[in-house]
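*Asks:* Everything in the sequence shown is counted per numbering that gives the first Met the number 0, starting at 0 for the first residue and increasing by one.
Here a beta-carbon is modelled for each residue, glycine too, at the ideal position from N, C-alpha and C.
This one's a predicted model, so the numbers in the text were calculated from it and none came from an experiment.
Please find one structure pasted underneath; my questions will follow.
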Amino acid sequence: MNIHESAENYLEAILALGEKGPVRSIDVAQHLNFSKPSVSRAMSLLREGGFVVMDAGGFLTLTQEGLEIAQRIYERHLLLTRWLIHLGVSEKVAAEDACRIEHDLSVESFAALRVRINQDLGIA
């Protein structure tokens, strides 16, 4: 399914934050530096779309579909960030640029980049 870049960012944030523990909307708001009402609305739309579920305690969990999208975007983000740092870009700028690039690459282009970046970084 094709979703907007902003939704991909929310899903990616939930995935990244979830590596450290349970995630609530307030955690996503702080992580993305967005207002709580904005995140609350986004979470409502993501729940309606079947990408996220929220339990009675307010904790967010990605559905299978949400998880697949988040993992795809997060993989792109991490790989592109590492590559840009390898090229001499500062960590902060590399992460910001990777965030912009990760959403616009086709599957084919990212696959080719992944092969080349892994070669450049010496990753098998």
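With three or more beta-carbon pairs closer than 8 Å as the criterion, would you say the stretch 76-92 touches the stretch 54-61?
*Replies:* Contact between the stretch 76-92 and the stretch 54-61 is absent: fewer than three C-beta pairs spanning the two stretches fall below 8 Å.
*Asks:* With contact counted as at least three CB pairs below 8 Å, one residue from each stretch, are the stretch 78-85 and the stretch 17-32 in contact?
*Replies:* no
*Asks:* Could you pull out every residue in the same chain whose Cβ sits closer than 8 Å to the Cβ of LYS35, ignoring the five residues on either side in sequence?
*Replies:* SER24, ILE25 and ALA28
*Asks:* Can the beta-carbon of ALA12 be found less than 7 Å from the beta-carbon of LEU31?
*Replies:* Inclusion of ALA12 and LEU31 in the CB contact set at 7 Å is warranted, their separation being smaller than that value.
*Asks:* Does ARG40 pass the burial test, meaning 16 or more other C-beta atoms within 10 Å, or should it be called exposed?
*Replies:* exposed
*Asks:* What is the C-beta distance between LEU45 and VAL38, in whole angstroms, given that I count them as a contact (C-beta under 8 Å)?
*Replies:* The Cβ separation is near 10 Å, so there is no contact.
*Asks:* Taking just the CA atoms, how far does ARG71 sit from GLY48?
*Replies:* 18 Å
*Asks:* For the stretch 14-80, list the alpha helix (DSSP H) runs that are entirely contained and at least 4 residues long, ordered along the chain.
*Replies:* 24-31 and 35-47
*Asks:* Any idea if VAL22 is buried or exposed, counting beta-carbon neighbours within 10 angstroms, 16 or more meaning buried?
*Replies:* buried
*Asks:* Would GLY125 and LEU10 be called neighbours here (beta carbons separated by less than 7 Å)?
*Replies:* There is no way to answer for residue 125, as the model of the chain reaches only from 0 to 123.
*Asks:* Can you tell which of GLY87, ARG99 and GLN63 has the C-alpha that lies nearest to the C-alpha of LEU120?
*Replies:* Taking LEU120 as reference, the option from GLY87, ARG99 and GLN63 with the minimal CA-CA separation is GLY87.
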